[in-house]
Amino acid sequence: MIMADYAAIITFPDDAKTFEAFSKLKNSPSYIDAGAIVERSEDGHWRVVDATDASIGGGLAGGSVIGALVGLLGGPLGMLLGWATGAAVGGAVDASRAADTSDVLSDFAAQVRPGSNGLIVQGSEEGIPAVDAIVGELGGALIRRPLDQVLDELDAEREAAEAAAAAAQAKLREQHRSERREKWQERWDEMRDRLIGKDKDKKA
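Okay, so the sequence shown: first residue is 0 according to numbering that gives the first Met the number 0, each after it adds one.
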């Protein structure tokens, strides 16, 4: 499947091959538009190790598609949805050609196992043969998705995160109201018990 613009994640059996591939790609500007080596710690946190553009390391606020991907994969939302614990998935260089309707973030997260690294790239149709050749030469696996699909999912995840935050705030407000009602009830019960006690004393 050929696509005009895409984002892809590339992994290798040997982490050193990731750096070798990245060196070859970034030294040939026509191959990719942007790229970054991402590392995943044993506890599932993601970080950018090297990138073709300094803004990529800025996560969601960095202004790049790759930065946004890393920001979501490694941020609180990624942890919540389990992207931090995906298993490694093997495959040939052309795994990207297979028809797959699963979501981009889950696909990408599953490729980089904890304690290893991967390469996220953004490119266009013209550079696909060269990128595939480098990945194949170094024994890597690649998953490629249309950039429109990636952007749609990033936007959907942003909306989901905003909705989740709003729901959490509403729940917190309700909890506070409930706590205030309980405290009010406790105070009233204590006051009523004292009044009843005094009334009994008078009658006695």
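Beta carbons are placed, not taken as given, at the ideal position from N, Cα and C, and that holds for glycine.
Using a Cβ-Cβ cut-off of 7 Å (strictly less than) and excluding sequence neighbours within five positions of residue i, which residues of its own chain qualify?
i    : result
A94  : Below a pLDDT of 50, predicted positions are generally treated as unreliable, and A94, at 38, falls in that range; the measurement from the model is reported next regardless. If we look at A94 and ignore the five residues flanking it on each side, its Cβ neighbours are A140, L141, I142.
V88  : In this prediction, V88 has a pLDDT of 33, which is less than 50 and means its spatial position is unreliable; what the coordinates show is noted afterwards. Excluding positions up to five away in sequence, the list reads A109, Q110.
A3   : S123, E124
D102 : E152
Leaving out five residues before and five after residue i in sequence, what residues of the same chain have Cβ atoms less than 6 Å from its Cβ?
i    : result
R39  : W45, V111, P113
E181 : none
S105 : none
E49  : The amino acid occupying residue 49 in the given sequence is Asp; Glu does not appear at that position. Cβ within range, chain order: I36.
Since residue i is in the beta strand (DSSP E), which residue starts that stretch and which ends it?
i   : result
T17 : T17 -> not in any beta strand (DSSP E); alpha helix (DSSP H) instead, spanning 14 to 25.
I36 : 33 to 39
D4  : 4 to 10
D49 : 45 to 50
Using only CA atoms, which one of the options lies nearest to residue i?
i    : options               : result
K25  : Q168, G126, R193, G66 : G126
A6   : R191, R179, E124, D49 : E124
D13  : G138, V69, P28        : G138
R144 : L171, V64, S177       : V64
S29  : E158, V47, T51        : T51
I31  : D188, I133, R172      : I133
G43  : K16, L71, A67         : L71
I8   : S27, A35, Q148        : A35
A129 : S27, T10, E152        : S27
L146 : A33, T10, Q168        : A33
V149 : F107, F11, D131       : F107
Excluding the five sequence neighbours on either side, which residues of its own chain have a C-beta within less than 8 Å of the C-beta of residue i, listed in chain order?
i    : result
G196 : none
W183 : none
A15  : none
E41  : P113, G114
Below 8 Å, how does it come out for the stretch 6 to 21 and the stretch 113 to 123: are there three or more Cβ pairs, yes or no? yes
Can you list the beta strand (DSSP E) stretches of 3 or more residues lying completely in the stretch 100 to 172, in chain order? You should have 115 to 123, 140 to 145.
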